[in-house]
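K.L.:
Residue numbers (the working numbering): 12 to 722.
1) Is it buried or exposed, residue 314, if we count other Cβ atoms within 10 angstroms and call 16 or more buried?
2) Report yes if the CB atom of residue 552 is closer than 8 Å to the CB atom of residue 525, and no otherwise.
3) Do you know how far the Cα of residue 69 is from the Cα of residue 79?
4) Got a sec, what are the start and stop residues for the beta strand (DSSP E) residue 398 sits in?
5) Closer than 6 Å by C-beta to residue 247: which residues in its own chain qualify, once you throw out the five before and the five after it? Chain order, please.
6) From this set, 386, 671, 201, which residue's C-alpha is nearest residue 337's C-alpha?
7) Expressed to the nearest angstrom, what Euclidean distance is found between the alpha-carbon atoms of residue 691 and residue 333?
8) Nearest CA to the CA of residue 42: which residue from 74, 55, 515, 56?
9) List the whole-angstrom C-beta distance separating residue 566 from residue 596, where the pair is believed to meet the contact cut-off of C-beta under 8 Å.
10) For the alpha helix (DSSP H) that residue 571 lies in, which residues bound it at each end?
11) Please classify residue 624: does DSSP put it in a helix, a strand, or coil?
12) Taking DSSP's pairing of strands, which residues face residue 271 in a bridge?
13) Could you name the residues of the same chain whose beta carbon sits closer than 7 Å to that of residue 71, not counting the 5 residues immediately before and after it, in chain order?
14) Tell me which residue opens and which closes the beta strand (DSSP E) that residue 323 is part of.
15) Within 10 Å of its beta-carbon, does residue 592 have 16 or more other beta-carbons around it, so buried, or fewer, so exposed?
16) With 16 other CB atoms within 10 Å as the buried threshold, where does residue 145 fall?
17) Would you mind reading off the limits of the alpha helix (DSSP H) that contains residue 128?
18) Cα-Cα, which of 682, 650, 678, 659 is closest to residue 108?
19) I think residue 384 touches residue 339, with their Cβ atoms under 8 Å apart; what is that distance to the nearest whole Å?
20) Between the beta-carbon of residue 259 and the beta-carbon of residue 287, is there less than 8 Å?
21) Rounded to whole angstroms, what's the CA-CA distance from residue 62 to residue 639? Just pull it up for me.
22) So, under 8 Å CB-CB, residue 728 and residue 557 are touching, yes? Tell me the CB distance rounded to an integer number of Å.
23) With a threshold of 7 Å on Cβ separation, who are the neighbours of residue 149 within its own chain once the five nearest residues in sequence on each side are excluded?
24) Three or more C-beta pairs closer than 8 Å, one from the stretch 641-648 and one from the stretch 656-665: is that the case here?
25) Please classify residue 488: is it buried, with 16 or more other beta-carbons within 10 angstroms of its beta-carbon, or exposed?
26) By a C-beta neighbour count over all protein chains shown, 10 Å radius and 16 as the cutoff for buried, is residue 719 buried or exposed?
27) I'd like the span of the alpha helix (DSSP H) that includes residue 530, first residue to last.
28) Return helix, strand or coil for residue 181, following the three-state DSSP convention.
29) If contacts are defined as beta-carbon pairs under 8 Å, then residue 613 and residue 630 qualify, I think. What distance do you get, rounded to the angstrom?
30) Short of 6 Å in beta carbon distance, which residues of its chain neighbour residue 374, apart from the five on each side in sequence? Order them along the chain.
31) Checking the sheet assignment: what are the DSSP bridge partners for residue 596?
32) On the DSSP bridge list, what partners appear for residue 374?
33) Quick one, are the C-beta atoms of residue 330 and residue 422 less than 8 Å apart?
34) Measure the C-alpha to C-alpha separation of residue 600 and residue 180 and round it to an integer number of angstroms.
35) According to the neighbour-count rule (16 or more other Cβ atoms, all chains shown, within 10 Å of its Cβ), is residue 512 buried or exposed?
36) What's the call for residue 201, buried or exposed, on a 16-neighbour Cβ count within 10 Å?
Structure below.
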């Protein structure tokens with residue numbers, strides 16, 4: 012940015028030679044342009060180019076909010092200079108995920124005397140440093156921090172506690188059993204808790220969910236409006252969150268309007284939680300709700316809870332039937348225009364009238380989905396993944412046809428079997444002769460069907476008449492799309508060894524392949540795309556169409572496409588990558604993936620790429636090609652590869668990358684490790700949470716959390 016503006020000011024730019032000088036624009040236009048420049052560049056570089064920019068770069072509209080959370084080039088010295096120059100002008104500071112900055116960097120935040128909102132999630136900070144910093148921030152009202160082993164609330168000064176007593180919004184990520192600073196926050200209105208406590212220490216000892224000595228203070232929830240808790244797998248996280256909930260069960264805040272608990276696996280209901288839910292049913296009206304599946308399954312809870320103007324519901328993994336969904340949540344099909352985000356991921360019976368005698372693979376009841384679409388016409392985020400939603404042969408009632416009415420959708424997650432044309436499945440046998448079985452056995456040589464590589468020819472092959480093509484054409488403003496096989500599971504789960512076998516795809520999904528992928532290219536504004544377990548990918552030709560048409564694509568995740576014994580779409584993927592100039596995150600999960608010179612040469616065209624993750628059982632890599640790629644793609648700060656190479660090869664390559672590029676890339680995080688190694692989980696625990704949560708681990712992210720500004 013500095014060199015660009017220097018060129019513009021000196022009059023050497025092409026624009027000025029054509030009679031257009033950027034410096035002649037009005038201040039309002041220049042301020043709008045400058046708002047897209049990282050604050051560190053504005054203050055430390057751009058403002059040095061001329062007097063006009065020196066003034067504009069310090070405008071309050073540009074210094075009021077400073078975002079460093081994904082400024083991977085920022086270092087301790089830049090933060091120090093930034094705080095020295097504009098510290099008093101900063102009211103909101105976001106340093107979330109700046110894991111590479113030393114803890115001493117936090118000391119410079121003291122200069123921001125007028126801070127109202129501060130996010131330090133993912134930053135290294137001790138109890139004493141936190142105390143010293145907060146003592147100086149008397150205007151603070153919103154805080155986000157991590158609570159790590161060794162945190163000691165007794166080290167917080169009285170001045171620090173006085174600041175915390177005025178904080179109304181708190182986000183805590185817990186890596187150790189603790190209340191953190193919650194007991195000090197007596198004016199809390201919004202509490203967001205992320206539980207990341209492991210069940211075992213590095214030495215292998217089992218951990219306890221009991222709080223540390225001296226942590227018996229009771230949280231203050233009397234003013235609470237939002238309670239959100241997200242739990243990582245593990246029983247310790249469940250034990251600790253129950254301690255936070257115990258206070259709520261004694262007295263439910265009257266103003267509570269959002270109650271959300273996201274818990275994987277089994278999280279049993281207890282007498283205390285039942286009392287809490289009963290109290291909520293009597294005393295509050297909610298706008299957002301998410302509960303563990305065990306708290307909803309088989310209970311009449313939803314029948315008694317009252318809602319005001321709900322904007323977010325998540326019933327992920329619940330056995331909620333479509334009948335209950337319509338009657339108890341959508342009030343028999345009444346107007347729910349306020350609902351903007353709905354997560355029904357893993358709700359296998361949510362589009363069926365009842366679940367007692369129904370098989371998960373049976374056809375859906377289109378009238379239930381139609382009621383949902385009509386009542387919730389303003390939905391912006393909808394997740395229907397991890398279930399078999401099979402449409403019947405009724406004309407006009409296909410799931411894709413009904414969803415096409417939701418014109419406001421920005422993000423959508425669907426199972427692969429839900430997008431196939433019913434007629435196509437009737438005409439074609441379930442198993443086509445040119446598709447290899449989805450197993451890890453001996454590689455099978457099959458005849459490859461020739462598919463056209465350009466969009467025009469694909470349209471001529473009648474894909475334009477498919478229901479999925481029509482759906483994609485009607486959702487032109489969609490930004491996030493996930494198409495995930497209903498039986499897909501990643502080879503790399505969180506706290507367990509790598510999965511060696513995968514379940515076969517749904518029979519209805521067998522016909523989904525290149526033509527359906529090509530239909531996605533209609534989404535001009537697409538920014539994030541996930542495709543997993545599409546069995547009928549033959550050449551991957553649709554990927555090329557997406558690369559050409561979806562020029563705003565920033566995140567791409569591909570997993571288990573086509574036959575499992577061979578990467579049939581490699582040529583198309585390399586052609587696609589040559590057009591993805593805005594791509595920042597790439598995740599590939601495919602057995603037998605060969606990360607060689609040709610692949611990395613194609614990937615080098617992605618000049619904006621920042622994060623790369625490859626997960627491949629029996630996959631191979633070429634070390635020289637990886638080094639050349641890292642040298643040519645200067646923005647890459649994360650390189651994770653879990654392949655079939657030996658531990659020695661992986662360690663040598665990882666050390667070479669760190670040794671060659673760490674000095675110029677302070678945020679560089681490199682993990683190269685054998686996928687099936689027994690120590691994989693120990694390696695994973697050291698990955699920064701930002702990368703682990705956003706890209707390394709596979710999961711559906713549509714409607715996973717409530718929309719902003721709730722979280």
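Ideal Cβ placement from N, Cα and C applies to all residues, glycine included.
P.N.:
From the atom records:
1) exposed
2) yes
3) 17 Å
4) Residue 398 -> no beta strand (DSSP E), and no H or E assigned at all.
5) 208, 210, 218, 220
6) 386
7) 40 Å
8) 74
9) 4 Å
10) Looking at the DSSP string, residue 571 is not in any alpha helix (DSSP H), and its letter there is neither H nor E.
11) strand
12) 239, 301
13) 100
14) 317-325
15) exposed
16) buried
17) It is not in any alpha helix (DSSP H) - residue 128 instead sits in the beta strand (DSSP E) that spans 128-130.
18) 678
19) Their Cβ separation, rounded to whole angstroms, is 18 Å, which puts residue 384 and residue 339 out of contact at 8 Å.
20) yes
21) 41 Å
22) Residue 728 is absent from the structure shown; the chain starts at 12 and stops at 722.
23) 174
24) no
25) exposed
26) exposed
27) 525-530
28) strand
29) No, residue 613 and residue 630 are not in contact; Cβ-Cβ is about 17 Å, not under 8 Å.
30) 401, 403
31) 566, 622
32) 401
33) no
34) 38 Å
35) exposed
36) buried
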